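Below is one structure, written out as structure tokens; comments come after it.
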Amino acid sequence: MKKKHHYHGFLKKYQNVYLYIAILVGCGLCMGIILSNYIDVNDIQNLSAYLTTIDSNVNKYDYFISQFFLGILFILFVFLLGTSIAGIPIISFVVFTKGLQIGFSCALFVATYQMKGIVGILLTLLPQVVFDLLATFLISASAIQLSMYIVYSCTNRERLDFRKLFNTVLNDIFICFLIMLVGAYLKSTIVIEFIKLFNLM
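Given below as structure tokens:
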């Protein structure tokens with residue numbers, strides 16, 4: 000009982016891991032906006048072409064399957080990183096790049112459509128990234144805690160309670176799968192309709 004309480008106390012020290020992830024995403028977002036100053040004209044044309052043609056060319060079912068499949072791969076990839084001692088810096092970099100992509104995409108919208116781009120961000124980008132960020136926060140926090148747990152156990156030569164540990168992680172993975180499922184469905188239905196609406200503006 001004393002040993003389990005000790006492990007609980009250790010994990011509780013990292014209850015601010017979500018704040019750490021939020022800082023990484025925020026820094027990545029700011030960096031993406033800064034890098035947007037070097038946006039190529041071709042990138043602007045590609046975005047405009049994508050928004051104009053996606054509603055007519057995309058197969059909604061195939062798009063749903065591909066988005067859900069990519070979401071599952073991302074979750075499993077981050078989880079596997081958490082099973083290694085070197086997982087923390089790699090996971091941190093992955094989270095940072097998520098923010099970088101969002102910041103760059105927001106800047107690209109504004110550069111392409113000016114004030115209309117803000118509406119585009121709210122209609123087409125925001126609904127897509129909300130669920131991605133929710134899953135990213137949860138699986139990244141779980142994987143970082145797992146990695147720290149392994150490091151702590153190795154440095155202090157204490158045995159891991161794998162059963163309790165992986166039950167917690169598996170619950171997080173299952174929740175992330177559900178989040179990605181809902182997100183993929185919204186991307187393949189509502190978001191496509193929002194893109195159509197945006198193109199009519």
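Numbering follows numbering that gives the first Met the number 0, with no gaps: position 57 of the sequence shown is 56.
For glycine and all other residues, C-beta sits at the position ideal for the given N, C-alpha and C.
Model, not experiment: these values are computed from the prediction.
- Per DSSP, Leu-122 lies in no alpha helix (DSSP H) segment and is marked neither H nor E.
- Within a 10 Å sphere around the beta-carbon of Ile-33 sit fewer than 16 other beta-carbons, which makes this residue exposed.
- Here the C-alpha atom of Ala-110 lies approximately 47 Å from the C-alpha atom of Tyr-151.
- Remark: C-beta atoms of Cys-105 and Ile-120 approach each other more closely than 8 Å.
- With a threshold of 16 other beta carbon atoms within 10 Å, Lys-59 falls short and is exposed.
- Here Met-200 carries a coil assignment [DSSP, helix/strand/coil].
- Separation of Met-30 and Leu-125 (C-alpha to C-alpha, rounded to the nearest whole angstrom) is 18 Å.
- Straight-line measurement puts the Cα of Val-93 at about 22 Å from the Cα of Val-181.
- The Cβ-Cβ distance between Gly-27 and Gly-116 does not fall below 8 Å.
- Of all alpha-carbon atoms in Asn-198, Tyr-17 and Asn-15, the one lying nearest the alpha-carbon of Phe-108 is that of Asn-198.
- Per DSSP, Ser-104 is one residue of the alpha helix (DSSP H) stretching across 86-112.
- A straight-line Cα-Cα distance of about 29 Å links Leu-23 and Ile-191.
- Going by beta carbons, Leu-145 and Cys-175 fall outside the 8 Å limit.
- Closest by C-alpha distance to Phe-67, out of Gln-127, Phe-193, Gly-86 and Asn-36, is Gln-127.
- Straight across, the Cα-Cα distance linking Ser-139 with Ile-71 is about 14 Å.
- If you draw a straight line from the Cα of Leu-75 to the Cα of Gln-113, it is about 38 Å long.
- In the three-state DSSP reduction, Ser-83 falls in the coil class, being neither helix nor strand.
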